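Each residue of the sequence shown is one higher than the last, beginning at 12 in our numbering.
Read the structure below first, then the notes.
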Amino acid sequence: MDPILQRYATRATPRYTSYPTAPHFQKGFTQTRYREWLDKLDRNDPISLYLHVPFCRQMCWYCGCNMKLASKYDPVANYAKTLRKEVVLTAEALPDRMKISHLHWGGGTPTALNPDDLEALMAEVHEWWDFTPDAEVAIESDPRTLTAEMAARIGAMGFTRASFGVQEFDLRVQKAINRVQPPEMVRKSVDQLRGGGVAGINFDLIYGLPFQTVGSIVETVKLSAAMRPDRVALFGYAHVPWMAKNQRMIDEDSLPKAAERAAQAAAAAEALVAEGYVAIGLDHFALPGDALTVAAGNGTLRRNFQGYTTDQAKTMVGMGATSIGRTPSGYVQNIAETGAWSRAVEEGRLPVAKGLPFVGEDLLRGDVIERLMCDGYVDADAIGARHGAAAGWWEAALPQLQEMAVDGLLTLRGGRVAMTEKGRPLVRLAAAAFDTYLQDSTARHSVAV
Ligand code: SF4
12 MDPILQRYAT RATPRYTSYP TAPHFQKGFT QTRYREWLDK LDRNDPISLY
62 LHVPFCRQMC WYCGCNMKLA SKYDPVANYA KTLRKEVVLT AEALPDRMKI
112 SHLHWGGGTP TALNPDDLEA LMAEVHEWWD FTPDAEVAIE SDPRTLTAEM
162 AARIGAMGFT RASFGVQEFD LRVQKAINRV QPPEMVRKSV DQLRGGGVAG
212 INFDLIYGLP FQTVGSIVET VKLSAAMRPD RVALFGYAHV PWMAKNQRMI
262 DEDSLPKAAE RAAQAAAAAE ALVAEGYVAI GLDHFALPGD ALTVAAGNGT
312 LRRNFQGYTT DQAKTMVGMG ATSIGRTPSG YVQNIAETGA WSRAVEEGRL
362 PVAKGLPFVG EDLLRGDVIE RLMCDGYVDA DAIGARHGAA AGWWEAALPQ
412 LQEMAVDGLL TLRGGRVAMT EKGRPLVRLA AAAFDTYLQD STARHSVAV
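Here it is, written out as structure tokens:
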């Protein structure tokens, strides 16, 4: 590995799916405040919805999500009933019958709901909101548990996109992460969804898993590309056992070291490009002509908690335990513990727990970080001017950026920062130069590559 890249690769950095990042959200945020934020929304602006289902039938050892094991359906059924009530509470708190431009079901595994419960929830959503004609309606699924009936019903409900955690096809790796799903199983799910009318398919792949090699991830890319998903996200496994206790099931000795991780990331990216995919942002790939590729080309790519997106809405309303939302006034996060979340909803309260009102330069710095993460380039003065900031407002970021410039990772001209080809995988570190919260932070993050 290039010794310069090696020096940076192990630095811990946020993923910047938001700014300020989630560890800075403050406890004690009240539903009264959230209701004020919702009430202030421009009723003509479409909004996005995010619905969270934390249940999974089996636990993957690498998982870093807020998930609950569901061996029986009763808790899932109860959760679905409560989520339906939260949909109503939320809709009533909005200033009008608003339009939805994006709806995303995430988890956990949203298809852990049975088809009738998912359909009832979608019916409730349609009861309260209208969708824009080009709205994206997406759901995360799991090939190990997706049934033919669910795939057909998902199509009939009008979903336009489904995503699968494929991760890695090598059986030894799959066993070490407790997620065995042969390629034929994934292909069957993809075919069923496409057959049901779901046109968009996303795959998530992961490098840096136990026993993974450059050869195994390249083979995984080839097997995946043969199924022609429209979009592929390529993430580095974040080993954070102090936060995700299930990761203690992974033997640290079986994890690839920094140089091997970087080699896997580079080889997988190269293989995806060789298969005809266009590299987008830090870690996404899409077929030419896909809306994500188009957005990356014309500077309208956005970044949110789901990663890179075409979603242009200023507001994302999250529902379900632990879900995060964003309004023009700030971020908000629901209660994480499903029992407490459920009690709050049953009592008629919007079940928020944490929030972060935008103050000072938060929006300006968030815009700069988002453009860097999306475009690999930013003109900090141009964005500053739009926010009323004086030229050179970014000077405190200079020492960190200059260090990266000297190492050939970016070019720096005035406030114009452009990642070089070599520095592209380290864009999070350049973004961190603009993060004033990070300096005081005690939060531990995953490594940069
Ligand atoms: S399916 Fe996804 S959310 Fe569920 S345990 Fe596996 S990685 Fe975690």
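All C-beta atoms in this analysis are idealised placements derived from N, C-alpha and C, irrespective of residue type, glycine included.
Computed from a prediction, not measured in an experiment: that's the story for all the values here.
Cβ-based neighbour list, residue i, same chain, cut-off 6 Å, excluding 5 preceding and 5 following
| i | result |
| --- | --- |
| T320 | R313 |
| A338 | The amino acid occupying residue 338 in the given sequence is Thr; Ala does not appear at that position. W48, T326. |
| L423 | L412, A416 |
| T120 | C67, D153 |
| F142 | I111 |
| T304 | V289, A297 |
Cβ shell of residue i (< 7 Å), same chain only, five flanking positions each side left out
| i | result |
| --- | --- |
| S227 | E179, D181, V184 |
| N490 | The displayed coordinates of the chain run from 12 to 460. Any statement about residue 490 would go beyond what the structure contains. |
| R44 | G366 |
| Q17 | A269, A270 |
| F445 | R376, V379, I380, W405, A408 |
| N77 | P65, T333, A347 |
| S340 | W48, K51, P368, F369 |
| V87 | F66, A81, A123, L124 |
| F36 | Y342, Q344, K365, G366, L367 |
| V284 | A290 |
| Q42 | R360, L361, V363 |
Proximity to residue i [Cα-Cα], best of the options
| i | options | result |
| --- | --- | --- |
| E432 | L409, L420, N55, G426 | L420 |
| D241 | S82, D215, L266, Q317 | D215 |
| V343 | G403, Y448, E47 | E47 |
| V289 | T333, D264, E147, A244 | A244 |
| E103 | V136, D85, S112, P86 | V136 |
| P154 | T101, H250, R68, M168 | R68 |
| D499 | G336, A276, V305 | For residue 499 there is no data in the structure shown, the boundaries of the chain being 12 and 460. |
| I261 | Y248, P221, K233 | P221 |
| G39 | D13, M168, N345, N125 | N345 |
| T349 | F445, E138, A402, A91 | A91 |
| F170 | A159, V191, V148 | V148 |
| Q223 | A279, E358, A364, D56 | A279 |
| P14 | D301, Y448, G434 | G434 |
| K199 | L412, A173, A159 | A159 |
| M430 | G399, C385, I394, Y218 | C385 |
| M109 | Y248, A324, Q42, I150 | A324 |
| G219 | G247, G308, A355 | G247 |
| D56 | L449, V328, G359, F316 | V328 |
| A273 | G166, V225, N189 | V225 |
| I150 | A173, P252, E358 | A173 |
| I165 | E130, A255, V177 | E130 |
| L204 | F175, A402, L449 | F175 |
| S265 | A187, E372, Q317 | A187 |
Residue i, enclosing beta strand (DSSP E) - first and last residue
| i | result |
| --- | --- |
| R424 | 421–424 |
| H115 | 110–118 |
| A149 | 141–152 |
| A290 | 289–291 |
| S59 | 58–64 |
| Q413 | First-last for Q413: 409–417, but that is the alpha helix (DSSP H), not the beta strand (DSSP E). |
| P14 | First-last for P14: 14–20, but that is the alpha helix (DSSP H), not the beta strand (DSSP E). |
| L303 | Taken as a continuous stretch (DSSP letters only), L303 belongs to no beta strand (DSSP E), being part of the alpha helix (DSSP H) at 302–309. |
Limits of the unbroken alpha helix (DSSP H) element including residue i
| i | result |
| --- | --- |
| H35 | That residue, H35, is in no alpha helix (DSSP H); it is neither H nor E in DSSP. |
| V209 | Careful: V209 lies outside any alpha helix (DSSP H) and carries neither H nor E. |
| T349 | 349–357 |
| R54 | It is not in any alpha helix (DSSP H) - R54 carries neither H nor E in the DSSP assignment. |
| G387 | Per DSSP, G387 belongs to no alpha helix (DSSP H) and is neither H nor E. |
| P86 | 85–104 |
| G341 | Where G341 is concerned, there is no enclosing alpha helix (DSSP H), although the beta strand (DSSP E) it sits in stretches over 341–345. |
Own chain, CB closer than 8 Å to residue i, minus 5 neighbours either side, in chain order
| i | result |
| --- | --- |
| D202 | none |
| D107 | R54 |
| N89 | S353 |
| P299 | G287, V289 |
| V99 | E135, W139 |
| G118 | H63, V64, P65, F66, C67, C76, M78, E151 |
| T156 | R68, T120, T122, A123 |
Supposed contact pair residue j and residue i - C-beta distance, whole angstroms, cut 8 Å
| i | j | result |
| --- | --- | --- |
| A347 | T333 | 4 Å |
| K233 | A162 | At roughly 25 Å, the Cβ-Cβ gap does not stay under 8 Å, so K233 and A162 are not in contact. |
| A146 | S112 | 5 Å |
| L383 | V428 | 7 Å |
| R95 | L60 | With 8 Å as the limit, R95 and L60 do not qualify as a contact, their Cβ atoms being about 13 Å apart. |
| V197 | M238 | 7 Å |
| V356 | E195 | Rounded, the Cβ-Cβ distance is 41 Å, inconsistent with contact. |
Contact with chain B by residue i, beta-carbon distance below 8 Å
| i | result |
| --- | --- |
| A402 | The displayed structure is made up of one protein chain only, and chain B is not part of it. |
- When the Cβ atoms of the segment 74–84 are set against those of the segment 23–37, are three or more pairs found closer than 8 Å? When C-beta atoms of the segment 74–84 are compared with those of the segment 23–37, fewer than three pairs fall below 8 Å, so the two segments do not count as touching.
- Query: Counting pairs of beta carbons, one from the segment 384–392 and one from the segment 435–447, are three or more of them closer than 8 Å?
  - Reply: Flag = yes, the segment 384–392 and the segment 435–447 touch.
- With contact counted as at least three CB pairs below 8 Å, one residue from each stretch, are the segment 321–341 and the segment 56–65 in contact? Yes: the two stretches touch, three or more of their Cβ pairs being nearer than 8 Å.
- Task: Report all residues for which the CB-ligand distance to some heavy atom of ligand 2 is below 6 Å; order them along the chain.
- Result: With respect to ligand 2, the structure offers nothing, as its ligand set consists of ligand 1.
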